[in-house]
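Per our numbering, the sequence shown runs over residues 2 to 60. Report on the following structure.
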Amino acid sequence: IKHLGRARAKRGMFEGDLEEGELEIGQIAGLIHDIKPAAVIVKDIISEFESAKKEVTNL
């Protein structure tokens, strides 16, 4: 119990202190269905951006 609270989330998530801080991880693990190379992820993000930009332009 002593490891909970006392600004530990701030230390872990925002200050990078993994010894005294805590991280909240795993909430979206169920949404990961495959592992992609970084280049593919960047390409996907750019493609999604271009699609969204077209939709906004057409409003």
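C-beta: ideal position from N, C-alpha, C; glycine also. If you're wondering where the values come from, they're calculated on a predicted model, not measured in any experiment.
Would you call residue 2 buried or exposed, if buried means 16 or more other Cβ atoms sit within 10 Å of its Cβ?
Along the sequence shown, read from residue 1 onward, the residue named residue 2 stands at position 1. Confidence in residue 2 is poor, its pLDDT being 47 and thus under 50, which makes the residue's placement too unreliable to answer from.
Residue range of the alpha helix (DSSP H) that residue 29 falls in?
Position 28 of the sequence shown, counted from the start, is the residue given in the question as residue 29. Looking at the DSSP string, residue 29 is not in any alpha helix (DSSP H), and its letter there is neither H nor E.
Compute the distance between the beta-carbons of residue 22 and residue 13, then report whether it is under 8 Å.
In the sequence shown, residue 22 corresponds to position 21, counting from 1. In the sequence shown, residue 13 corresponds to position 12, counting from 1. Closer than 8 Å, so yes.
For residue 50, which of helix, strand or coil comes out of DSSP?
Locating residue 50 in the sequence shown gives position 49, where the first residue counts as 1. Note: residue 50 maps to helix in three-state DSSP.
Helix, strand or coil: how does DSSP classify residue 45 here?
The count along the sequence shown starts at 1 and reaches residue 45 at position 44. Looking at residue 45 - three-state DSSP - the assignment turns out to be helix.
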